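K.L.:
For my numbering, count along the sequence shown from 1 and bump the result up by 57. Questions regarding the structure given below will be posed in turn.
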Amino acid sequence: MSQRKQTLGEFIIENQASFKYTSGELSRLINSIRLAAKVVNHEVNKAGLVDILGAVGDTNIQGEDQQKLDVYANEKFIQTMTKRNIVCGIASEEEDDFIAINSQDENHQNKYVVLIDPLDGSSNIDVNVSVGTIFSIYRRVTPVGTPVTIEDFLQKGNQQVAAGYVVYGTSTMIVYTTGDGVNGFTLNPAIGTFYLSHPNMQFPENGRIYSVNEGNYIHFPKGIKDYIKYCQMEEGDRPYTSRYIGSLVSDFHRNMIKGGIYMYPKSSTASNGKLRLLYECNPMAFLAEQANGKASDGFERIMDIQPTELHQRVPFICGSKNMVEKAEEFMRNAE
Ligand code: AHG
Ligand code: MN
Ligand code: MN
58 MSQRKQTLGE FIIENQASFK YTSGELSRLI NSIRLAAKVV NHEVNKAGLV DILGAVGDTN
118 IQGEDQQKLD VYANEKFIQT MTKRNIVCGI ASEEEDDFIA INSQDENHQN KYVVLIDPLD
178 GSSNIDVNVS VGTIFSIYRR VTPVGTPVTI EDFLQKGNQQ VAAGYVVYGT STMIVYTTGD
238 GVNGFTLNPA IGTFYLSHPN MQFPENGRIY SVNEGNYIHF PKGIKDYIKY CQMEEGDRPY
298 TSRYIGSLVS DFHRNMIKGG IYMYPKSSTA SNGKLRLLYE CNPMAFLAEQ ANGKASDGFE
358 RIMDIQPTEL HQRVPFICGS KNMVEKAEEF MRNAE
């Protein structure tokens, strides 16, 4: 008889002790993300029904207009994390500035800050293609008892205590790390429970998939153009396969399972690329490294970059170790 799979709830409790701060707050925080993920998943799943349900008065009890899903996801994640006494501040791709949680934390006792991209790949919603949520968790650096400040958010990625994503795909998964490997949990929608389906996820060291928006090729730096040509060359196990969904979460998830590289380089029209260091690149870099992969801006380790502003963008190359190192070699040689 096959062994019953562990649920995410059981996994969180059982692994609490392996985390260096064992007060249980981080576990409760991940639990709140699990809950918000289920709520957002429910909404994402009926995205195509919004107009139909709205027409029969099934939604909008308060008479409000149906919100865009990225705004909805933003509110759900913020609401869920605000209610528990763990988080002192949240920064989101959808908010201009960080949110200080004063209402529930008057004496500033909460120790964690969370940074999120509530809905990643949002342009894919209208066409029924997978989207995601990305989260990144740090301990505050300012003293407990004082208000949270921008300093608490502008920490290097190498200070993250946990990071992960939810992928709302053909099935819905939560994949996360607390610095002790990467584990993936799949939602059984019939009973609303996540089960450990992908223990100890690892990027294959080599891969055969490259993911980049090649429509921007003409604007890419020489090193990236040269690497793309290398991927397309007939030699050894090449040419590689090109796969680009346009949802970082989904492209990353596929590449981690199959082996591959994701690139969003700088270009002549966007000097730092598009992706955000704090909400997208750092959490994905932490996951990549925990899964034996690599993440760099072409020259430097993503997690060693000192952030200077909340919405900072950075070129991003991430995936199977040997592929990222090859791309870096092309970048160096093109200097
Ligand atoms: P978001 O929906 O959070 O703004 O992020 C979209 C990001 C990323 O998920 C994706 O890989 C990339 O933008 C796609 O950008 P292009 O359409 O420029 O390729
Ligand atoms: Mn995004
Ligand atoms: Mn987004």
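Virtual Cβ for every residue (Gly too), placed ideally from N, Cα, C. All of these numbers come straight from a predicted model, not from anything done at the bench.
Excluding sequence positions up to five away, which residues of its chain have a Cβ less than 7 Å from the Cβ of Asn215?
P.N.:
The count along the sequence shown starts at 1 and reaches residue 215 at position 158. Correct list, in chain order: Met360 and Asp361.
K.L.:
Could you tell me which whole alpha helix (DSSP H) segments of length 4 or greater appear in the stretch 279 to 303?
P.N.:
The stretch 279 to 303 contains these whole alpha helix (DSSP H) runs: 279 to 289.
K.L.:
Can you tell me the Cα-Cα spacing of Gly355 and Arg370, whole angstroms?
P.N.:
Position 298 of the sequence shown holds residue 355. Position 313 of the sequence shown holds residue 370. Whole-angstrom Cα-Cα distance: 14 Å.
K.L.:
Where does Val96 fall in DSSP's three states?
P.N.:
Position 39 of the sequence shown holds residue 96. Correct three-state label for Val96: helix.
K.L.:
Who are the Cβ neighbours of Ser254 in its own chain at under 8 Å, not counting the five residues just before and after it?
P.N.:
If you number the sequence shown from 1, residue 254 lands on position 197. Cβ within range, chain order: Lys62, Met230, Gly241, Phe242 and Thr243.
K.L.:
Among Glu163, Lys168 and Ile135, which residue has its Cα nearest to the Cα of Ile143?
P.N.:
By one-based count along the sequence shown, residue 143 stands at place 86. Considering only alpha carbons, the answer is Lys168.
K.L.:
Where does Thr116 fall in DSSP's three states?
P.N.:
For the purposes of this step, residue 116 is taken as residue 59 along the sequence shown, with counting starting at 1. Its pLDDT being 47, under 50, Thr116 is placed unreliably by the model, and nothing is read from it.
K.L.:
Using only the alpha-carbon positions, how far apart do Tyr267 and Glu291 sit?
P.N.:
Residue numbering aside, residue 267 sits at position 210 when the sequence shown is read from its first letter. Residue numbering aside, residue 291 sits at position 234 when the sequence shown is read from its first letter. Their Cα atoms are separated by approximately 15 Å.
K.L.:
Nearest CA to the CA of Val306: which residue from Tyr297, Leu106, Thr298 and Met320?
P.N.:
For this step, residue 306 is matched to residue 249 along the sequence shown. Selected option, being the one with the closest Cα: Met320.
K.L.:
Does the distance from the CB of Tyr252 to the CB of Asn263 come in under 8 Å?
P.N.:
The residue you call residue 252 lines up with position 195 of the sequence shown. The residue you call residue 263 lines up with position 206 of the sequence shown. No; because the gap between Cβ atoms is not below 8 Å, this pair is not in contact.
K.L.:
Does ligand 2 have even one heavy atom less than 7 Å from the beta-carbon of Asp361?
P.N.:
The residue you call residue 361 lines up with position 304 of the sequence shown. No, since every heavy atom of ligand 2 falls outside the 7 Å radius drawn around the Cβ of Asp361.
K.L.:
Going along the chain, which residues put their C-beta within less than 6 Å of some heavy atom in ligand 2?
P.N.:
Result: Asp174, Asp177, Leu305 and Glu337.
K.L.:
Once the 5 residues before and after Ile69 are set aside, which same chain residues still bring their CB inside 7 Å of it?
P.N.:
For this step, residue 69 is matched to residue 12 along the sequence shown. Taken in chain order, the residues that qualify are Ser84, Ile87 and Asn88.
K.L.:
Check this for me: beta carbons of Phe373 and Gly330, under 8 Å apart or not?
P.N.:
The residue you call residue 373 lines up with position 316 of the sequence shown. The residue you call residue 330 lines up with position 273 of the sequence shown. Going by C-beta atoms, Phe373 is nearer than 8 Å to Gly330.
K.L.:
In terms of residues, what are the limits of the beta strand (DSSP E) holding Asn131?
P.N.:
To locate residue 131, count along the sequence shown from 1; it is residue 74. First-last for Asn131: Leu126 to Lys140, but that is the alpha helix (DSSP H), not the beta strand (DSSP E).
K.L.:
Would the C-beta of Ser193 count as close to ligand 3, meaning under 7 Å from any of its heavy atoms?
P.N.:
The residue labelled residue 193 in the question sits at position 136 within the sequence shown. It does not: the Cβ of Ser193 is nowhere closer than 7 Å to a heavy atom of ligand 3.
K.L.:
Please name the residue in Asn98, Ile182 and Gln166 whose C-alpha comes closest to that of Lys125.
P.N.:
Counting from one through the sequence shown, the residue named residue 125 turns up at place 68. Closest by alpha carbon: Ile182.
K.L.:
Examine the Cβ distances between the stretch 264 to 283 and the stretch 379 to 389 and report whether three or more of them are shorter than 8 Å.
P.N.:
The stretch 264 to 283 vs the stretch 379 to 389: in contact.
K.L.:
Label Asn102 either buried or exposed according to how many other C-beta atoms from any shown protein chain fall within 10 Å of its C-beta, with 16 as the threshold for buried.
P.N.:
Translated into positions along the sequence shown, residue 102 becomes position 45. Exposed, by the Cβ-count rule.
K.L.:
Rounding to the nearest angstrom, what Cα-Cα distance links Phe343 and Asn164 in this structure?
P.N.:
Position 286 of the sequence shown, counting from 1, holds the residue named residue 343. Position 107 of the sequence shown, counting from 1, holds the residue named residue 164. If I take the Cα positions, the gap works out to 31 Å.
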